[in-house]
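Undergrad: I am attaching a structure below and will ask some questions about it afterwards.
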Amino acid sequence: MYPLTTTAISEAYNRVRQHSETICEPLETEDYVPQPVPFVSPPKWHLAHSTWFFETFILKPFMPGYQVFDTDYNYLFNSYYNNVGERTLRTDRGNVTRPTTRNVYAYRQHVDRHMSELLETLTDPEALALVELGLHHEQQHQELLVTDIKYILGHNPLFPVYKSGHNLVDDTNGEGGFATISEGVYEIGFNSDELVTSSVSTMSSMSWADTKCICTNLKFPKLWLPMQNSSHSWKRAVIRTLTCGWTKAGRG
Ligand SMILES: [Fe+2]
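Written out as structure tokens, the structure reads:
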């Protein structure tokens, strides 16, 4: 996948950027703002921060004459990039009631319009690699968007439904069963000189003491509860892990 062609990058750009907004589509304006705990960021912040990445690392250096949307946004929506200036404390992201959600969407449109113009002629391999990195970065924030929206709505006393009939879990994502991993030493992670994001592990080795079995699809209580009566030698470890979660959820 690396490096992508200009055409593929343009298509990916439109697809990835749209998906962030699709995730937020069911939200009301008020849902974009809260930060119930420090490790949750407001959806508005994710939308703006992922946009700030493209403005800061692509448009400013690679598009001559580009005018930033708002000079305050570098401070408001930088996360941990020390070399591009001061930023809002992570714990204060929920205090950023202004700019409004509407302004953040206008910011996205402004950046998307200029990115689209730039991508028509962009051939610099370094710039294209940075665009791809920005897309991976936005996808990482899409995962955070989903978990943070879940936290925000789950801590609203009314437990508002994200989207009627919506289910993030695809319970048809496999035929079930277990994959066997034989005893041995395995290399895991990413072994390359290419640029990687913080979400990618670099190579390491792991020694498996014995043969393992990994379930090939997602598991739900109705599927793992019967394990309690099974005679498999691995059942205790599995049940112990699941029990911790079950107890923490107050159901044990
Ligand atoms: Fe980020």
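Taking our numbering, the leading residue of the sequence shown gets 1411, the next gets one more, and so forth. Backbone N, C-alpha and C define an ideal beta-carbon position, used for all residues, glycine too.
Let me know the secondary structure DSSP gives G1564 once reduced to three states.
TA: Mapped onto the sequence shown, residue 1564 falls at position 154. Of the three classes helix, strand and coil, the one that applies to G1564 here is helix, per DSSP.
Undergrad: Among the candidates E1593, I1598, V1571, M1473, whose CA atom is the shortest distance from the CA of H1524?
TA: For this step, residue 1524 is matched to residue 114 along the sequence shown. The shortest C-alpha separation from H1524 is found at M1473.
Undergrad: Out of curiosity, what's the CA-to-CA distance linking F1600 and L1568?
TA: Here residue 1600 refers to the residue found at position 190 when the sequence shown is read from its first residue. Here residue 1568 refers to the residue found at position 158 when the sequence shown is read from its first residue. Each residue's alpha carbon lies about 43 Å from the other.
Undergrad: Strictly by DSSP, which residues pair up with A1537?
TA: By one-based count along the sequence shown, residue 1537 stands at place 127. A1537 is not bridged to any residue.
Undergrad: For the stretch 1420 to 1440 against the stretch 1484 to 1504, do three or more pairs of beta-carbon atoms, one drawn from each stretch, fall closer than 8 Å, so that the two count as touching?
TA: Verdict: no, contact absent.
Undergrad: Can you tell me which of the three DSSP states V1494 falls into?
TA: Against the sequence shown, residue 1494 aligns to sequence position 84. Three-state DSSP puts V1494 in a helix.
Undergrad: For a test of your reading of the model: does the CB of S1451 fall under 6 Å from any non-hydrogen atom of ligand 1? Yes or no.
TA: As a first step, residue 1451 must be located in the sequence shown, where it is residue number 41. Every heavy atom of ligand 1 is 6 Å or more from the Cβ of S1451, so no.
Undergrad: Taking the beta strand (DSSP E) that Y1442 falls in, what are its first and last residues?
TA: Taking the first residue of the sequence shown as position 1, residue 1442 is located at position 32. That residue, Y1442, is in no beta strand (DSSP E); it is neither H nor E in DSSP.
Undergrad: C1623 bridges to which residues according to DSSP?
TA: On the sequence shown, residue 1623 is found 213 positions in, with the first residue counted as 1. BP columns for C1623 point to T1590.
Undergrad: Buried or exposed: where does L1555 fall if 16 or more other Cβ atoms within 10 Å of its Cβ makes it buried?
TA: The residue you call residue 1555 lines up with position 145 of the sequence shown. With 16 or more Cβ atoms within 10 Å of its Cβ, L1555 is classed as buried.
Undergrad: Note down the Cα distance separating T1416 from L1540, rounded to an integer number of angstroms.
TA: Translated into the one-based positions of the sequence shown, residue 1416 becomes position 6. Translated into the one-based positions of the sequence shown, residue 1540 becomes position 130. One C-alpha to the other measures close to 12 Å.
Undergrad: Report back the beta-carbon spacing between G1504 and Q1549 to the nearest angstrom; my notes put them in contact at under 8 Å.
TA: Position 94 of the sequence shown, counting from 1, holds the residue named residue 1504. Position 139 of the sequence shown, counting from 1, holds the residue named residue 1549. Actually they do not touch by this definition, with Cβ atoms about 24 Å apart.
Undergrad: Considering F1449, what are the terminal residues of the alpha helix (DSSP H) in which it resides?
TA: As a working note, residue 1449 is residue 39 in the sequence shown. No alpha helix (DSSP H) holds F1449; DSSP gives it neither H nor E.
Undergrad: With a 10 Å radius around its C-beta and 16 neighbouring C-beta atoms as the bar for buried, classify M1411 as buried or exposed.
TA: Here the question's residue 1411 lines up with position 1 in the sequence shown. A caution first: M1411 carries a pLDDT of 45, below 50, which makes its placement in the model unreliable, though a value can still be read off. That one is exposed.
Undergrad: Counting C-beta neighbours from all protein chains within 10 Å, is the total for H1565 16 or more, i.e. buried, or is it exposed?
TA: Stepping through the sequence shown from its first residue, residue 1565 is reached at position 155. Exposed: under 16 other Cβ atoms inside 10 Å.
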